[in-house]
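Peer 1:
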Amino acid sequence: MTAAALDLVRPTSDVATGSFGGFVALAAGAGQLVVQPRMGMSDPATMRRGLELTKYAAATTVGTITLDSYTRLGDEAAARRAIAAGTSLNGYPIVSHPESTTRTVLAAVLDDSFPVQVRHGSARPEEIIRALTKVGLSATEGGPVSYCLPYGRTPLRESVDCWTRSCELLVELAEPGQTPHLECFGGCMLGQLCPPSLLVAISLLEALFFTRHGLNSVSLSYAQQTEPALDQEAILALRRLAAEFLPAGTQWHVVLYTYMGVFPSSARGARRLLEAAAELAVRTRTERLIVKTAAEAHRIPTIEDNVRALEYAAAAAAATDPLSGLLGTAAPDSEVYHQARDLIRAVLDLGDNLGDSLCEAFRRGYLDVPYCLHPDNAGETRSFIDEGGRLRWAALGRMPIDPAHHTIPPGGAAGLSSGRLLAELTTVARTYDQPSYDH
Amino acid sequence: MATSYSGLTVLVAGGTSDSHTWNLVFLQIMLQEAGYQVVNIGPCVPEQLLVDRCRDVTPDLVVIGSVNGHGYQDGELAILALRAEPDLAALPAVIGGKLGVEGKQDEVLRARLLDAGFDAVFDDGDLDSFLRFVADLRVGSSADEPAGAVSA
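Chains as they are written, first to last, in the numbering used here: chain A, 1 to 439; chain B, 440 to 591.
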């Protein structure tokens with residue numbers, strides 16, 4: 001890995017109010033990992049308190065408004081009924097609350113030092129984009145593939161069309177002086193058991209899709225998986241591919257999601273997993289980390305759970321030497337890099353319109369997410385965790401990965417059973433819950 | 440695909456607002472291993488789609504898995520939709536998972552789901568009770584019907 005490939009692309013624009021990418025770039029320049037919660041409450045006063053406590057946590061933070069499932073699915077009526085009935089939703093219904101209410105939520109917190117991002121999960125996010133830009137926000141996340149295939153039934157073609165319009169809307173409706181920012185969710189894809197090369201490829205392709213539809217500021221995601229060394233290879237591959245494929249002048253950074261699968265049930269295990277994520281972020285020069293809390297395995301986290309997690313992650317990051325660990329020894333030509341590049345090249349070779357190419361790639365099984373039940377996913381790939389803890393391909397289906405880039409471990413791939421699936425889904429939780437485990 | 444004459448077909452579905460998949464994939468594989476045919480229609484199943492798919496598939500049991508905290512609301516709407524259709528009013532249907540926003544099941548809301556028409560409501564992780572329920576259904580079904588009446 002050359003130093004140049006790891007260098008941040010610095011923003012050329014100023015840091016406008018709440019400018020998300022600019023803020024993260026400034027923090028990275030100062031050697032600070034930005035930490036961010038997932039947080040969304042339906043009650044405006046509680047949402048406001050959550051943002052305030054995030055802002056004043058002892059960490060370099062950005063704020064989050066996570067939306068509820070009804071808003072994500074465009075069921076505004078259901079969200080309104082729940083608000084009227086006083087039923088708790090699993091997020092903040094930004095489309096259903098009056099604009100003035102959301103402005104009040106943001107009034108005391110949103111400024112140059114504290115950008116706020118809207119997180120949702122919608123394959124059809126136009127109304128969400130309209131609602132968030134109306135209240136002065138300009139940062140959100142998602143993607144035509146990552147917010148479609150794993151989450152519901154919207155056809156991929158429709159999601160691609162909706163995300164094309166949504167990118168354009170975000171650019172058009174952001175207030176003058178703001179630099180709208182989009183984070184792709186492609187580094188997650190079902191949270192677990194998707195091998196890193198496909199996560200990296202989808203993440204890169206979605207970020208590229210955003211830039212082709214007008215965004216100049218993007219972030220590329222990667223979700224922590226089963227093994228730190230493999231995760232490090234993946235993030236370094238993502239950085240190298242971003243430098244290769246994103247248009248010159250794009251402001252970009254990498255965001256790491258703390259493990260998105262079944263979480264350790266002990267508070268100690270949960271903290272150790274978060275700590276491992278923070279260390280991974282620092283060692284790979286990842287600019288932003290989305291945290292998980294010690295309550296994750298048991299319930300929707302409280303504001304206080306989130307603040308504790310933010311402060312814990314920030315402290316773990318501060319205690320990590322960026323030059324420690326495996327960074328210097330990570331091979332620039334890792335298998336993850338080559339597999340991801342094979343997939344990216346195959347998709348880009350399908351044509352000039354990336355949205356069309358993504359649809360065609362899934363139709364042909366060039367991209368195929370293991371265990372994903374969506375009708376537009378071929379469902380011919382399988383993954384497994386090998387004895388060393390690395391997440392690998394058990395079946396490539398029709399994905400165009402050069403056999404030279406796919407090593408099969410001795411003993412081959414493991415067969416599938418419910419017991420094995422459950423064991424693999426809980427591998428990380430069990431490992432970090434062990435009293436003696438020291439990552 | 441035909442299986443043994445005593446095999447039941449189970450339709451697995453996620454709640455209408457629930458995007459989680461792993462619980463559904465696990466249920467599918469576990470039920471297949473236990474000898475049942477499974478049609479997994481995936482996450483975020485709207486009520487009408489559930490009704491339509493029940494008519495297409497003619498399952499012996501409907502299993503709704505919900506883990507996003509909207510299980511009480513989503514589950515009630517789903518079962519009311521099924522029970523409103525005369526041909527589906529008696530179709531065995533169960534729900535399980537993390538049904539509410541709070542960590543443990545709410546007895547009042549649980550009773551409401553049963554009143555609305557579910558045959559059983561299972562706690563998160565209570566797979567033994569769930570598998571016993573399905574096994575009892577198989578016994579009941581084989582005893583009540585000639586083998587040929589079981590849908591393929």
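The beta-carbon is built from N, C-alpha and C at its ideal position, and this holds for glycine as well.
Does residue 572 of chain B have its Cβ less than 8 Å from a Cβ in chain A?
Peer 2: No, residue 572 of chain B lies away from the interface with chain A (no Cβ there is under 8 Å from its Cβ).
Peer 1: Can you check which of these residues, A/419, A/428 and A/427, is closest to residue 466 of chain B by C-alpha distance?
Peer 2: The option with the nearest alpha carbon to residue 466 of chain B is A/419.
Peer 1: Under three-state DSSP, which class holds residue 513 of chain B?
Peer 2: It is helical.
Peer 1: Could you check whether the region 212-231 of chain A touches the region 253-263 of chain A, counting it as contact only if at least three pairs of C-beta atoms, one from each stretch, sit closer than 8 Å?
Peer 2: With a cut-off of 8 Å, the region 253-263 of chain A and the region 212-231 of chain A count as touching, because enough Cβ pairs lie within range.
Peer 1: If I follow the unbroken alpha helix (DSSP H) through residue 552 of chain B, where does it start and stop?
Peer 2: Element bounds for residue 552 of chain B: 546-555.
Peer 1: Compute the beta-carbon to beta-carbon distance between residue 406 of chain B and residue 452 of chain B, rounded to the nearest angstrom, for a pair I have assumed lies under 8 Å.
Peer 2: No answer is possible for residue 406 of chain B: it lies beyond the span of chain B, which begins at 440 and ends at 591.
Peer 1: At the 8 Å Cβ level, is residue 372 of chain A part of the contact set with chain B, yes or no?
Peer 2: Output row for residue 372 of chain A: interface = yes.
Peer 1: On a CA-only basis, which of A/204, A/259 and A/148 is nearest residue 240 of chain A? Give me that one, please.
Peer 2: If we check each option's Cα against that of residue 240 of chain A, A/204 comes out closest.
Peer 1: Under three-state DSSP, which class holds residue 86 of chain A?
Peer 2: Note: residue 86 of chain A maps to coil in three-state DSSP.
Peer 1: Tell me, please, whether the CB atom of residue 448 of chain B is closer than 8 Å to any CB atom in chain A?
Peer 2: By this cut-off, residue 448 of chain B is not an interface position.
Peer 1: At the 8 Å Cβ level, is residue 92 of chain A part of the contact set with chain D, yes or no?
Peer 2: Considering every chain present, this structure includes no chain D. Its protein chains are A and B.
Peer 1: Taking its Cβ as the centre, do 16 or more other Cβ atoms sit within 10 Å of residue 170 of chain A, making it buried, or is it exposed?
Peer 2: Residue 170 of chain A should be labelled buried.
Peer 1: Which runs of the beta strand (DSSP E) at least 3 residues long sit entirely within the region 345-403 of chain A? Give them in chain order.
Peer 2: DSSP runs (the beta strand (DSSP E)) wholly in the region 345-403 of chain A: 382-385 and 391-395.
Peer 1: Tell me, please, whether the CB atom of residue 497 of chain B is closer than 8 Å to any CB atom in chain A?
Peer 2: Judged by the 8 Å Cβ criterion, residue 497 of chain B is not in contact with chain A.
Peer 1: Report the CB separation of residue 50 of chain A from residue 300 of chain A in whole angstroms; it is logged as a contact under 8 Å.
Peer 2: That pair is no contact at about 12 Å.
Peer 1: Under 9 Å, CB to CB, which of the residues in the region 302-328 of chain A have a partner in chain B?
Peer 2: Those would be none; no residue qualifies.
Peer 1: Could you please give me the residues that DSSP links to residue 479 of chain B through a beta bridge?
Peer 2: According to DSSP, residue 479 of chain B bridges with B/451.
Peer 1: Would you say residue 73 of chain A lies against chain B (beta-carbon separation less than 8 Å)?
Peer 2: Closer than 8 Å to some Cβ of chain B, the Cβ of residue 73 of chain A qualifies, so yes.
Peer 1: Restricting to Cα atoms, I'd like to know which of A/431, A/426, A/416 and A/425 is closest to residue 472 of chain B.
Peer 2: Looking at the Cα atoms, A/416 is the closest of the given residues.
Peer 1: Here's the rule: buried if 16 or more other CB atoms are within 10 angstroms of the residue's CB, otherwise exposed. What is residue 349 of chain A?
Peer 2: So residue 349 of chain A counts as exposed.
Peer 1: Nearest CA to the CA of residue 412 of chain A: which residue from A/61, A/384, A/429 and A/47?
Peer 2: Ranking A/61, A/384, A/429 and A/47 by Cα distance to residue 412 of chain A puts A/384 first.
Peer 1: Give the residues of chain B in contact with residue 70 of chain A, contact being defined as C-beta atoms less than 7 Å apart.
Peer 2: What residue 70 of chain A touches in chain B: 456.
Peer 1: For residue 121 of chain A and chain B, any beta-carbon pair shorter than 8 Å?
Peer 2: Interface residue, yes.
Peer 1: Do the region 57-76 of chain A and the region 114-134 of chain A meet, that is, are 3 or more Cβ pairs less than 8 Å apart?
Peer 2: Contact holds: three or more Cβ-Cβ distances are below 8 Å.
Peer 1: Can you list, in chain order, the residues of its chain with a C-beta nearer than 7 Å to that of residue 264 of chain A? Leave out the 5 residues immediately preceding and following it.
Peer 2: 270, 273, 297, 429, 432 and 433.
Peer 1: In chain A, which residues lie with their C-beta within 7 Å of the C-beta of residue 592 of chain B?
Peer 2: Residue 592 of chain B cannot be examined here, being either before or after the span of chain B that is shown, 440 to 591.
Peer 1: Within this structure, are the beta carbons of residue 336 of chain A and residue 237 of chain A separated by less than 8 Å?
Peer 2: Contact flag set, yes.
Peer 1: Which complete beta strand (DSSP E) runs does the region 172-243 of chain A hold, if anything under 3 residues is left out?
Peer 2: DSSP runs (the beta strand (DSSP E)) wholly in the region 172-243 of chain A: 181-184 and 217-223.
Peer 1: Closer than 7 Å by beta-carbon distance: list the chain B residues that pair up with residue 152 of chain A, in chain order.
Peer 2: By Cβ distance, chain B contributes 458, 482 and 483.
Peer 1: List the residues of chain A whose Cβ lies closer than 7 Å to the Cβ of residue 508 of chain B, in chain order.
Peer 2: Those are 90 and 300, listed as they occur along chain A.
Peer 1: Can the beta-carbon of residue 498 of chain B be found less than 8 Å from the beta-carbon of residue 449 of chain B?
Peer 2: Taking 8 Å as the Cβ cut-off, residue 498 of chain B and residue 449 of chain B qualify as a contacting pair.
Peer 1: By a C-beta neighbour count over all protein chains shown, 10 Å radius and 16 as the cutoff for buried, is residue 38 of chain A buried or exposed?
Peer 2: The residue in question, residue 38 of chain A, is buried, as its Cβ has 16 or more Cβ neighbours within 10 Å.
Peer 1: To the nearest whole angstrom, what separates the beta carbons of residue 289 of chain A and residue 33 of chain A, a pair I think is in contact under 8 Å?
Peer 2: The Cβ separation is near 6 Å, so the contact holds.
Peer 1: Residue 503 of chain B touches chain A at which residues, Cβ-Cβ below 9 Å?
Peer 2: None at all; the shortest Cβ gap to chain A is about 15 Å.
Peer 1: Thinking residue 59 of chain A and residue 314 of chain A are a contact (beta carbons under 8 Å), I'd like their distance in whole angstroms, please.
Peer 2: Correct: roughly 3 Å between the Cβ atoms.
Peer 1: Any idea if residue 463 of chain B is buried or exposed, counting beta-carbon neighbours within 10 angstroms, 16 or more meaning buried?
Peer 2: Residue 463 of chain B should be labelled buried.
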